[in-house]
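For the working numbering, add 14 to where a residue sits in the sequence shown, where the first one is 1.
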Amino acid sequence: MVQLTCFKCGGVSLGVANEHHLSDGVSALHFINSWADIARGQPIGIPPFFDRTLLAERDPPHPHFSHTKYQPRPLTPPPDNKSQTTFSMFKLTRDLLDALQAKLMQIG
């Protein structure tokens, strides 16, 4: 967001709010300095570069580093048929809980 304030004395003030998701600090400073150069009637030091094809992704991608997205999925070992899973369900009534609590109180 940019705000230009004109004062009664003839002076001006330029306020700039920069969202860090939009640009980094170096880019924001370059933008402000370029704007100031244009306001003074000077040429821009580094003109803008609008060709975004340099940022386009390749199809298919050719990563230059190891990335999990482009790696084959790990092979999971087959289940061991020797081990068995046991399932148990305990129903604890209020009387059983009271008895268990009494035993714990005796142990201390």
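Yeah, the Cβ is synthetic: ideal placement off N, Cα and C, and Gly gets one too.
Of all alpha-carbon atoms in Ser41, Cys23, Met15, the one lying nearest the alpha-carbon of Phe63 is that of Ser41. Secondary structure at Ser27: strand, using DSSP grouped into helix, strand and coil. Counted as a single uninterrupted DSSP element, the alpha helix (DSSP H) harbouring Gln115 occupies residues 108 to 121. DSSP, reduced to helix, strand and coil, places Thr19 within a strand of the structure shown. The three-state reading of DSSP puts Lys83 in helix, counting H, G and I together. The continuous alpha helix (DSSP H) containing Leu43 extends over residues 39 to 53. Leu18 and Glu71 have their alpha carbons spaced roughly 39 Å apart.
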